[in-house]
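Residue numbers (my numbering), protein chains in the order written: chain A, 1 to 184; chain B, 185 to 262.
Even for Gly, the Cβ is constructed at its ideal location relative to N, Cα and C.
What follows is a single structure, written as structure tokens, with notes after it.
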Amino acid sequence: MAGEEALEQQIVLDFRAGDAAAFEALFRHYQRDVFRWIRRIVRDHAIAEDLTIETFFRIHRARERFDASREFAPWARRIATRAALDWMRVHRPEHGMPDDFFAAVPSASAADPVISAEVRHRVAAALALLPPKLRIAAILALIEERPQKEIADALGITVAAVKLRVFRAMRKLRHYLEQQGIRP
Amino acid sequence: MNTRDTDRLKTLLQAALPPTRDDLPPRDLWPELRQRIASAPASPAPVSIPWFDWALAGGVALVAVAFPAAVPLFFYYL
Numbered sequence: 001m002a003g004e005e006a007l008e009q010q011i012v013l014d015f016r017a018g019d020a021a022a023f024e025a026l027f028r029h030y031q032r033d034v035f036r037w038i039r040r041i042v043r044d045h046a047i048a049e050d051l052t053i054e055t056f057f058r059i060h061r062a063r064e065r066f067d068a069s070r071e072f073a074p075w076a077r078r079i080a081t082r083a084a085l086d087w088m089r090v091h092r093p094e095h096g097m098p099d100d101f102f103a104a105v106p107s108a109s110a111a112d113p114v115i116s117a118e119v120r121h122r123v124a125a126a127l128a129l130l131p132p133k134l135r136i137a138a139i140l141a142l143i144e145e146r147p148q149k150e151i152a153d154a155l156g157i158t159v160a161a162v163k164l165r166v167f168r169a170m171r172k173l174r175h176y177l178e179q180q181g182i183r184p
Numbered sequence: 185m186n187t188r189d190t191d192r193l194k195t196l197l198q199a200a201l202p203p204t205r206d207d208l209p210p211r212d213l214w215p216e217l218r219q220r221i222a223s224a225p226a227s228p229a230p231v232s233i234p235w236f237d238w239a240l241a242g243g244v245a246l247v248a249v250a251f252p253a254a255v256p257l258f259f260y261y262l
């Protein structure tokens, strides 16, 4: 284990110094984690792939700023979250959501049968209306149920700020849903 | 908003958009990434900030000086 850690530390140091092979090794080791994290946020396979490339491109650009005494994965996740947030700001719901976003809404048989398909679509639409910062917090905390500390690290904010964003997201969601006659 | 409300909203959200599963891995993205890095300019273009952003920042600063009590409200809605 100690040998593995030392090897990874050396790879990170080489990457920071601009070694292309070290960067490829890091990419191959972490691309799946980064992809999964982005996929959770944007909920679209193809867009998550594009944003994974964008994330590692930014990582490559920012390599000299990486603090080698810290872990690589949380740093990569923070850059991935920033890339996803930038994408969400450009692709607002009025410009259309990705194909997979509403395709992910399950059929009646696959989900809670008490909640109708129409309600599920309205809930998904209400979520899409949230400002990107609140939407990310709501998706990660309420849908994906990720730990608040993990969300805070990825967003670069405190746990208290995560709680506040989730609270504000829920309040807005309730408001949007009540406007449509759904009482959550 | 109590715990029951939160749970109800969570149930609705998860029924609408179930948590993602890790079933499909990404394709091999390394060739595209390598190409992207190779085609990027060595140093990024200098960022130019439009005049409107400067005016907006100036306006916000003036409001903050004139009405300090509005600052916490501003950060809340930021």
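- The distance from the Cβ of proline 209/B to that of arginine 32/A is about 6 angstroms, consistent with a contact at the 8 angstroms cut-off.
- Alanine 84/A has a beta carbon lying at 8 angstroms or more from every beta carbon in chain B.
- The Cβ neighbour count for glutamate 54/A, taken over all protein chains shown within 10 Å, is at least 16; the residue is labelled buried.
- Three or more pairs of CB atoms, one per stretch, sit closer than 8 angstroms, so the region 131-143 of chain A contacts the region 80-89 of chain A.
- Around the beta-carbon of valine 255/B, fewer than 16 other beta-carbon atoms lie within 10 Å, marking it exposed.
- The Cβ atoms of alanine 84/A and isoleucine 41/A lie closer than 8 angstroms to each other.
- The beta carbon of leucine 177/A sits closer than 6 angstroms to the beta carbons of Ala126 and Pro184 from its chain, once the five residues preceding and following it are set aside; these are given in chain order.
- Using a Cβ-Cβ distance cut-off of 8 angstroms, the region 7-27 of chain A and the region 188-196 of chain B are not in contact, since fewer than three pairs of beta carbons, one from each stretch, lie closer than that value.
- Counting C-beta pairs closer than 8 angstroms gives three or more between the region 159-170 of chain A and the region 134-144 of chain A, which meets the contact rule.
- Exposed is the label assigned to alanine 250/B, since fewer than 16 other Cβ atoms lie within 10 Å of its Cβ.
- For valine 42/A, the enclosing alpha helix (DSSP H) has its first and last residue at 20-42.
- Around the Cβ of glutamine 198/B, a 10 Å sphere holds 16 or more other Cβ atoms; the residue is buried.
- Non-local C-beta neighbours of arginine 78/A in its own chain, meaning closer than 8 angstroms and more than five positions away in sequence, comprise Asp153, Ala154, Leu155 and Gly156, ordered along the chain.
- The C-beta distance from valine 34/A to alanine 80/A rounds to 5 angstroms, short enough to meet the 8 angstroms contact threshold.
- Chain B has a Cβ within less than 8 angstroms of the Cβ of valine 123/A.
- For glutamate 54/A, the enclosing alpha helix (DSSP H) has its first and last residue at 45-61.
- The Cβ of isoleucine 221/B sits closer than 8 angstroms to at least one Cβ of chain A.
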